[in-house]
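Quick notes on the structure that follows.
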Amino acid sequence: MKSLSLPPHPKERRIVFKNAWTQGYTPDIDCYVKHGGYEQIKKALKMKPEEIIEEVKNANLRGRGGAGFPCGVKWGFIRRDDGKPHYITCNGDESEPGTFKDRYILHNDPHQLIEGMLIAAYALNVNLAYIYIRCEFPKAAGIVTQALKEAREKGYLGKNIFGSGFDVDIHVHQGAGAYICGEETSLIESLEGKRPYPRIKPPYFPAVLGLYMSPTIVNNVETFCHVKQILAIGSDEYAKMGTPGDGGTRVMCVSGDVVRPGPYEIPAGGVTLGELINDVCGGMKPGRKLKAIIPGGSSSKILRAGEVFKMKVKGEDGQMVDKEVPLLDLVMDASTLAAAGTMVGSGGVIVMDDSRDMLWALNNLNEFYAHESCGQCTPCREGVLWIDKMTTRMVNGEGCVEDPKTLKSVADNIAGRTVCAFGEAASWPVQSFLQKFPEEFEVAAK
Amino acid sequence: MDTHAATSTGPRQADQIPANLLAKIDEAVTHYPVSKRSASLPLLHLWQNHFGFVDESGVEWIAKRLDLESINILELVTFYPWFRQQKAGRISVRVCRTLSCALAGGYEVREAFCKAAGIDPKAPTHGHTPPVSPDGKFSVEFVECLASCGSAPVALVNDDLHEDITPEGTAAILGQYN
Numbered sequence: 289m290k291s292l293s294l295p296p297h298p299k300e301r302r303i304v305f306k307n308a309w310t311q312g313y314t315p316d317i318d319c320y321v322k323h324g325g326y327e328q329i330k331k332a333l334k335m336k337p338e339e340i341i342e343e344v345k346n347a348n349l350r351g352r353g354g355a356g357f358p359c360g361v362k363w364g365f366i367r368r369d370d371g372k373p374h375y376i377t378c379n380g381d382e383s384e385p386g387t388f389k390d391r392y393i394l395h396n397d398p399h400q401l402i403e404g405m406l407i408a409a410y411a412l413n414v415n416l417a418y419i420y421i422r423c424e425f426p427k428a429a430g431i432v433t434q435a436l437k438e439a440r441e442k443g444y445l446g447k448n449i450f451g452s453g454f455d456v457d458i459h460v461h462q463g464a465g466a467y468i469c470g471e472e473t474s475l476i477e478s479l480e481g482k483r484p485y486p487r488i489k490p491p492y493f494p495a496v497l498g499l500y501m502s503p504t505i506v507n508n509v510e511t512f513c514h515v516k517q518i519l520a521i522g523s524d525e526y527a528k529m530g531t532p533g534d535g536g537t538r539v540m541c542v543s544g545d546v547v548r549p550g551p552y553e554i555p556a557g558g559v560t561l562g563e564l565i566n567d568v569c570g571g572m573k574p575g576r577k578l579k580a581i582i583p584g585g586s587s588s589k590i591l592r593a594g595e596v597f598k599m600k601v602k603g604e605d606g607q608m609v610d611k612e613v614p615l616l617d618l619v620m621d622a623s624t625l626a627a628a629g630t631m632v633g634s635g636g637v638i639v640m641d642d643s644r645d646m647l648w649a650l651n652n653l654n655e656f657y658a659h660e661s662c663g664q665c666t667p668c669r670e671g672v673l674w675i676d677k678m679t680t681r682m683v684n685g686e687g688c689v690e691d692p693k694t695l696k697s698v699a700d701n702i703a704g705r706t707v708c709a710f711g712e713a714a715s716w717p718v719q720s721f722l723q724k725f726p727e728e729f730e731v732a733a734k
Numbered sequence: 006m007d008t009h010a011a012t013s014t015g016p017r018q019a020d021q022i023p024a025n026l027l028a029k030i031d032e033a034v035t036h037y038p039v040s041k042r043s044a045s046l047p048l049l050h051l052w053q054n055h056f057g058f059v060d061e062s063g064v065e066w067i068a069k070r071l072d073l074e075s076i077n078i079l080e081l082v083t084f085y086p087w088f089r090q091q092k093a094g095r096i097s098v099r100v101c102r103t104l105s106c107a108l109a110g111g112y113e114v115r116e117a118f119c120k121a122a123g124i125d126p127k128a129p130t131h132g133h134t135p136p137v138s139p140d141g142k143f144s145v146e147f148v149e150c151l152a153s154c155g156s157a158p159v160a161l162v163n164d165d166l167h168e169d170i171t172p173e174g175t176a177a178i179l180g181q182y183n
């Protein structure tokens, strides 16, 4: 796997990625300990569990897996003393197209993840945890398994960790090539040894009825690492790095037609889209102009070059004022992208230049969703395949005039009518590509 | 999905389980103290890693080991794209198909891998039974996003990730495997 050769860009602030991409850093426990590892869990074990949860809340940490739910609030749903077994599960099923950050943590800095999970386990009264790693990361599964073995040998994992009287064990669980397992209830079904059909919410919120029908917290790999960093930095300082309601840093993964694609760890709201593309990533490839940006993983709604968004922003006097914000001035944080009708999602930014055909690009994504629909809900199982067949036909020059309208109608009838958010994930690209680039679909439909 | 793949002929896998595989299976089951059923995927992985695919006897054996019905295991083999019911190439080439890789030439890379391996590029691109080269050495297939979009196009060859692949470089990559 390629390692980072470039020093951090001035806009970057590497905390979670600090070790993962340091030359000479190795994934073994001695190297981690030498770099200050496992100090935060020692500190945590002397704190009250409620204090840890309060720190995570105060840090304004949002989940880094895509949905962006406030992590501390999620943890707050667990009642420590309800007498039931509790579980935590790390979601290392990284597979949202455009997202490639967790793989570096799993391969290069597995102990940071383990330490974050230990802190969470102690805070949430968990004695058994799993790390769900997609099987397309076979080496990562081996590296994390080895890291767990090292931690167990040192007494950092297992019975009476660090002599605290607290017991917790963690195991690696490998997926088997299904994107749907990134959905948390689907992941739980998969972990229970079943077909990963998502569960309906309510009642099956993982924090209430999760793994083995017990309260369960599922967090992304990067999220657990941030928990460790919050304890190291302090929640006030951590929150200050970001914007109100979106604390800390976020790894933005940029791919597509830019000069320097890659993952960049940037304070939440620390760059605009324009700075990210033109400054951090070195701009578009020579001779090319920006055409479109998918800002938060393939499911997020596409944005078109030249777009201007009307939104409320904080003025100089602190009052909210209406303002027109051009695309490249959009600040990369959760609330700004939401105001622009899309989302920061999993941090996967896919950039496309003026040589790209939007029908072709949408068809590529449609094929992805058609392949990955689990088949549980009829609108998704049937609709996503129809959409894929239609755009494939259009790409082959066999489209008809009604196609754009039919595409929209099918997408509109999937979103909101399925057990899980896959329905939206598959519909939003269709709806937004059609809305933002109507002329390309009309031409293709003739 | 090809859920009705023909039953492979040849000796039953369940009659040839080596001691080290049994030991790994026993160890994996201990990771799931609450429910043995959770060990279904780990056991299927161990089985496929050893035999290359999972035959009917494997489905039955794993089900019995975990006190389940065969259908509980078969439904996993047919659902999860990773599992195979038939032999694939000894060396598995999985090329990422999804957008960032496609933008960087992923389709051309798959075609070049096929040609370098002696597989018809028009063969099916996805599925539980990918096309295999005439000498049985390679299978080449598309898989969905491998989560390495910053170094696109990429492919997983057995357990190794290859990044920034060019069509011209595919033959040399295959040459690294015997």
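Sequence order for the protein chains is A and B. The first sequence: position 299 = 587 (the working numbering), numbered continuously. The second sequence: position 88 = 93 (the working numbering), numbered continuously. Even glycine gets a Cβ: it sits at the ideal position worked out from N, Cα and C. In this text the structure is predicted, and so the values were computed from the model without any measurement.
- Query: When the cut-off is 8 Å and only beta carbons count, does R368(A) lie next to chain B?
  - Reply: For the purposes of this step, residue 368(A) is taken as residue 80 along the first sequence, with counting starting at 1. Not an interface residue.
- Task: Less than 8 Å between the CB atoms is what I'm expecting for G375(A) and L436(A), so what's the real figure, rounded?
- Result: In the first sequence, the residue the question calls residue 375(A) occupies position 87. In the first sequence, the residue the question calls residue 436(A) occupies position 148. The question names Gly, but residue 375(A) is Tyr in the sequence shown. Between Y375(A) and L436(A) the beta-carbon gap is near 16 Å, outside 8 Å, which marks them as no contact.
- Message: If contacts are defined as beta-carbon pairs under 8 Å, then L615(A) and G594(A) qualify, I think. What distance do you get, rounded to the angstrom?
- Response: Walking along the first sequence from the start, residue 615(A) turns up at place 327. Walking along the first sequence from the start, residue 594(A) turns up at place 306. Contact between L615(A) and G594(A) holds: CB atoms are separated by about 7 Å, below the 8 Å threshold.
- Query: If you check the beta carbons only, do D455(A) and N448(A) fall under 8 Å apart?
  - Reply: What you label residue 455(A) is simply residue 167 of the first sequence in a count that begins at 1. What you label residue 448(A) is simply residue 160 of the first sequence in a count that begins at 1. Cβ distance < 8 Å, so D455(A) and N448(A) count as in contact.
- Task: Report yes or no: is there a C-beta of chain A within less than 8 Å of the C-beta of S138(B)?
- Result: Residue 138(B) sits at position 133 when you count from the first residue of the second sequence. No - not a single Cβ of chain A is within 8 Å of the one on S138(B).
- Query: According to DSSP, is Q18(B) helix, strand or coil?
  - Reply: Translated into the one-based positions of the second sequence, residue 18(B) becomes position 13. In this structure, Q18(B) counts as helix in the three-state DSSP scheme.
- Item | Cutoff 8 Å: L349(A) Cβ touching any chain B Cβ | Stepping through the first sequence from its first residue, residue 349(A) is reached at position 61. No, because no Cβ of chain B sits closer than 8 Å to the Cβ of L349(A).
- Query: Looking only at its own chain, which residues have a Cβ that is under 6 Å from the Cβ of Q723(A), when we skip the five neighbours before and after it?
  - Reply: By one-based count along the first sequence, residue 723(A) stands at place 435. Nothing listed; no residue qualifies.
- Task: Determine the extent of the beta strand (DSSP E) in which K602(A) is found, giving its start and end residues.
- Result: For the purposes of this step, residue 602(A) is taken as the residue at position 314 of the first sequence. Unbroken beta strand (DSSP E) run through K602(A): 596–602.
- For Q53(B), which of A93(B), A28(B), P158(B), L71(B) has the nearest alpha-carbon? Looking up residue 53(B) in the second sequence gives position 48. Per the C-alpha coordinates, the member of A93(B), A28(B), P158(B), L71(B) positioned closest to Q53(B) is A93(B).
- Message: Please tell me whether R95(B) has its Cβ less than 8 Å away from any Cβ of chain A.
- Response: By 1-based counting over the second sequence, the position of residue 95(B) is 90. Not one beta carbon of chain A lies nearer than 8 Å to the beta carbon of R95(B).
- Query: Going along chain A, which residues have a C-beta under 7 Å from D164(B)?
  - Reply: The residue you call residue 164(B) lines up with position 159 of the second sequence. Under the 7 Å cutoff, chain A gives P426, K427.
- Message: For a minimum of 4 consecutive residues, which ranges assigned as the alpha helix (DSSP H) are wholly contained in the segment 321–370 of chain A?
- Response: Inside the segment 321–370 of chain A, DSSP marks whole alpha helix (DSSP H) runs of 4 or more residues at positions 327–332, 337–346, 359–364, from first to last along the chain.
- Query: Can you list, in chain order, the residues of the segment 486–516 of chain A whose Cβ is nearer than 7 Å to any Cβ on chain B?
  - Reply: Answer set for the segment 486–516 of chain A: Y500.
- Task: Answer with yes or no whether the minimum CB distance from R669(A) to chain B is below 8 Å.
- Result: Locating residue 669(A) in the first sequence gives position 381, where the first residue counts as 1. At a cut-off of 8 Å between C-beta atoms, R669(A) does not count as an interface residue with respect to chain B.
- Completely contained beta strand (DSSP E) runs for the segment 615–663 of chain A, where each covers 3 or more residues: Counting only runs of 3+ residues, the beta strand (DSSP E) found wholly inside the segment 615–663 of chain A occupies 636–641, in chain order.
- Message: Within 8 Å of any Cβ in chain B, is that where the Cβ of M646(A) sits?
- Response: Along the first sequence, read from residue 1 onward, the residue named residue 646(A) stands at position 358. Contact with chain B is absent for M646(A), since none of that chain's Cβ atoms lies less than 8 Å from the residue's Cβ.
- Message: Among the candidates P23(B), T103(B), A121(B), P135(B), whose CA atom is the shortest distance from the CA of S144(B)?
- Response: In the second sequence, counting from the first residue as 1, residue 144(B) sits at position 139. Answer by Cα proximity: P135(B).
- Message: If I measure Cβ to Cβ from E472(A) and keep anything under 6 Å in the same chain, skipping five residues before and after, which residues do I get?
- Response: Translated into the one-based positions of the first sequence, residue 472(A) becomes position 184. Around E472(A), the same chain offers P494, V506 as residues with beta carbons nearer than 6 Å, after the five sequence neighbours per side are excluded.
- In or out: C688(A) buried (at least 16 other Cβ within 10 Å) or exposed? Locating residue 688(A) in the first sequence gives position 400, where the first residue counts as 1. Per the 10 Å Cβ criterion, exposed.
- Query: Would a check of beta-carbon distances place G704(A) closer than 8 Å to chain B?
  - Reply: Walking along the first sequence from the start, residue 704(A) turns up at place 416. G704(A) has a beta carbon lying at 8 Å or more from every beta carbon in chain B.
- Touching or not, the segment 356–365 of chain A and the segment 327–346 of chain A, by the rule of three or more beta carbon pairs under 8 Å? Put simply, the segment 356–365 of chain A touches the segment 327–346 of chain A. At least three CB pairs are less than 8 Å apart.
- Any alpha helix (DSSP H) of 4 or more consecutive residues that is wholly inside the segment 500–576 of chain A: Fully enclosed alpha helix (DSSP H) runs of 4 or longer: 509–521, 523–529.
- Query: For the segment 607–622 of chain A against the segment 663–680 of chain A, are there 3 or more C-beta pairs whose distance is under 8 Å?
  - Reply: With a cut-off of 8 Å, the segment 663–680 of chain A and the segment 607–622 of chain A do not count as touching, because too few Cβ pairs lie within range.
- Task: Please report how far the alpha carbon of S40(B) lies from the alpha carbon of E480(A), in whole angstroms.
- Result: What you label residue 40(B) is simply residue 35 of the second sequence in a count that begins at 1. What you label residue 480(A) is simply residue 192 of the first sequence in a count that begins at 1. The alpha-carbon atoms of S40(B) and E480(A) are separated by roughly 7 Å.
- Query: CB N396(A) to CB A464(A), shorter than 8 Å?
  - Reply: Taking the first sequence and counting its residues from 1, the one referred to as residue 396(A) is at position 108. Taking the first sequence and counting its residues from 1, the one referred to as residue 464(A) is at position 176. Contact: no.
- Taking only beta-carbon positions, decide if Q719(A) is within less than 8 Å of chain B. Sequence index remark: in the first sequence, residue 719(A) carries index 431 (1-based). Taking Cβ atoms only, chain B never reaches closer than 8 Å to Q719(A), which makes this a no.
- Nonlocal neighbours in the same chain, by C-beta distance under 7 Å from K579(A), ignoring five residues either side: As a first step, residue 579(A) is located in the first sequence; it is residue number 291 there, counting from the start. In chain order, A593, M640, D641, D642, R644 place their CB closer than 7 Å to the CB of K579(A), counting only its own chain and leaving out the 5 sequence neighbours on each side.
- Output the boundary residues of the beta strand (DSSP E) element that contains T377(A). Numbered from its first residue, the first sequence carries residue 377(A) at position 89. 375–380 is the span of the beta strand (DSSP E), which, as asked, contains T377(A).
- Going by other Cβ atoms of all chains shown within 10 Å of its Cβ, with 16 needed for buried, is M646(A) buried or exposed? Locating residue 646(A) in the first sequence gives position 358, counting from the first residue. Buried, because 16 or more other Cβ atoms sit within 10 Å of the Cβ of M646(A).
- Query: What residue does the alpha helix (DSSP H) around W420(A) start on, and which one ends it?
  - Reply: Counting from one through the first sequence, the residue named residue 420(A) turns up at place 132. It should be pointed out that residue 420(A) corresponds to Tyr in this sequence rather than to Trp. Following the DSSP letters along the chain, one finds Y420(A) in no alpha helix (DSSP H) but inside the beta strand (DSSP E) bounded by residues 416–421.
- Task: Can you give me, in chain order, the residues of the segment 529–559 of chain A that have a beta carbon less than 8 Å from any beta carbon in chain B?
- Result: The residues in question are C541, V542, S543, G544, D545, P549, G550, P551.
- Message: Can you tell me whether V672(A) is helix, strand or coil according to DSSP?
- Response: Here residue 672(A) refers to the residue found at position 384 when the first sequence is read from its first residue. Here DSSP, grouped into helix, strand and coil, assigns V672(A) to helix.
- Message: Counting beta carbon pairs with one atom in the segment 538–545 of chain A and one in the segment 553–573 of chain A, are three or more of them shorter than 8 Å?
- Response: A contact exists between the segment 553–573 of chain A and the segment 538–545 of chain A.
- With DSSP as the reference, label S97(B) as helix, strand or coil. Position 92 of the second sequence holds residue 97(B). Residue state, collapsed to three classes: strand.
- If we count the other Cβ atoms within 10 Å of its Cβ and call it buried at 16 or more, is N652(A) buried or exposed? Walking along the first sequence from the start, residue 652(A) turns up at place 364. Here N652(A) is buried. Its C-beta has 16 or more other C-beta atoms within 10 Å.
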